[in-house]
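Here is the structure we will look at, set down as structure tokens.
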Amino acid sequence: MKALLGTSDDVEETTENAPKAKDEGRSVRDLTAGEIVAELEQVEKAVIKIAGFKKGYKGTLRAVLKEVTTIVTTAGSELARRTQSDECRHLEKENSRLKVELACFKREMSELKAEMKELRRGVLPPPILTPPSPMVVSPSRSPTRGTKKSSLGSMEKRGRPSPEREDTQPANSAGLNDTLVAAVLRQVGTLLDARLSLP
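With the working numbering applied, the sequence shown corresponds to residues 240 to 438, in that order.
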């Protein structure tokens, strides 16, 4: 009710010099018609309560009655001045102010979400890269005269590319690689035969 309170001089002022609230900083023109009616209902309850006393009015009650008179006079003058178009303009102004506040709130929420994403990225540890497993190579046996064929077979197996590697090679170079491998294997086999045939 503070927006409707003021001194006796304030009541006689024009609407341009309407009294402002002591705590809220709002004038009568800043209040909607619904807010003025709500304050008048509170005043009505206060008047009914004061009227119920039977032992006369004390100084405090007289001050309350004076405030009630000021509120009723100010509210009546403001409501009488206003028209429906004035009330619509006032509501549109309040609606625009609320839209601006809502836009600021949405912008702050989006900024907070972006900050939370950055914090989550900084807290999570980087992915652990597992090193490739080492290849197991079985020790080769030294060739003897009795195992000449088996050693040649093992050399051919080692010299030939694995099926996976053959699949990954281009089709046009597959035949050339096979020819080179076969020629190398024949030369190696000839050298081994010559060395093993020595006494």
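We put the CB at the ideal spot given by N, CA and C, even for glycine. Computed from a predicted structure; not experimentally measured.
For residue i and residue j, what's the separation of their Cα atoms in angstroms?
i    : j    : result
E278 : A285 : 11 Å
D432 : T418 : 21 Å
G361 : K345 : 25 Å
E354 : A342 : 19 Å
V276 : N334 : 20 Å
E306 : E280 : 14 Å
E251 : R336 : A caution first: E251 carries a pLDDT of 39, below 50, which makes its placement in the model unreliable, though a value can still be read off. For E251 and R336, the distance between alpha carbons rounds to 31 Å.
Q323 : E274 : 15 Å
V311 : V339 : 34 Å
K356 : E350 : 10 Å
T429 : V420 : 14 Å
T309 : D325 : 23 Å
L358 : K332 : 39 Å
Can you list, in chain order, the residues of its chain with a C-beta nearer than 8 Å to that of residue i? Leave out the 5 residues immediately preceding and following it.
i    : result
V303 : A285, I289
L330 : T271
Helix, strand or coil for residue i? Go by DSSP, reduced to three states.
i    : result
G291 : coil
T312 : helix
R328 : helix
T418 : helix
T429 : helix
R360 : helix
R336 : helix
R301 : helix
R321 : coil
Using a Cβ-Cβ cut-off of 6 Å (strictly less than) and excluding sequence neighbours within five positions of residue i, which residues of its own chain qualify?
i    : result
C327 : none
Please go through the same chain and pick out, in chain order, the residues whose beta-carbon is closer than 7 Å to the beta-carbon of residue i, but skip the five residues on each side of it.
i    : result
R301 : none
For the region 269–283 against the region 298–317, are there 3 or more C-beta pairs whose distance is under 8 Å?
yes
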